[in-house]
Amino acid sequence: MKIMATGVFDILHPGHIHYLSESKKLGDYLIVIIATDKTAGSHGKKLIFNEEQRRFMVSQLRMVDEAIIGHEDDIFKTVYEVRPDIITLGYDQHFNDSEIEKKCRDLGLNTRVVRISKYDGEIKSSSDIRRRIIELYNR
Numbered sequence: 100m101k102i103m104a105t106g107v108f109d110i111l112h113p114g115h116i117h118y119l120s121e122s123k124k125l126g127d128y129l130i131v132i133i134a135t136d137k138t139a140g141s142h143g144k145k146l147i148f149n150e151e152q153r154r155f156m157v158s159q160l161r162m163v164d165e166a167i168i169g170h171e172d173d174i175f176k177t178v179y180e181v182r183p184d185i186i187t188l189g190y191d192q193h194f195n196d197s198e199i200e201k202k203c204r205d206l207g208l209n210t211r212v213v214r215i216s217k218y219d220g221e222i223k224s225s226s227d228i229r230r231r232i233i234e235l236y237n238r
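Per this note's numbering, the sequence shown starts with residue 100, numbered consecutively.
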């Protein structure tokens, strides 16, 4: 079963590892789609690493079978090319699960969307890391 996970993955942290590990448990092949610099920037994110650096880092994780950079203009182009059985979304990804499933059906795909639970630890996002660094340097 092919699983597709998506994200920016700018500063890798335990929340990312949880998301990708839980995603991998759902199938035997995990392909991770890395948001382009343009796409990530359009959501107000200030990136530390460019898309190729982020793709490389994610590709080195044990649970990841393949990491590719997504299309900028239409996320469903990537979905159609990958043809996943399941698309996993993190707890904080602002997509409508049923709309994604409907769009996949429109493309002739029988793809399910699964939400992955939130990581329990103290640092679960890149924003948490940024805040922690600022706190440490402001002491």
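Backbone N, C-alpha and C fix where the C-beta goes; we use that ideal spot for every residue, glycine too.
Item: Collapsed DSSP secondary structure at alanine 134 in the structure displayed; Value: coil
Item: Beta-carbon contacts of tyrosine 218 that lie in its chain and below 7 Å, excluding the five residues immediately before and after; Value: Pro113, Gly114 and His117
Item: Expected contact under 8 Å - CB spacing of tyrosine 190 and arginine 214 to nearest Å; Value: 7 Å
Item: Beta-carbon proximity of threonine 187 to leucine 125, cut-off 8 Å; Value: yes
Item: For aspartate 109 and leucine 146, believed in contact at Cβ under 8 Å, the rounded distance; Value: 5 Å
Item: Residue ranges of each beta strand (DSSP E) within the stretch 144-205, 3 or longer; Value: 165-168 and 185-188
Item: Cβ pair leucine 129, lysine 137 closer than 8 Å; Value: no
Item: For isoleucine 299, the three-state DSSP class (helix, strand or coil); Value: Residue 299 cannot be examined here, being either before or after the span of the chain that is shown, 100 to 238.
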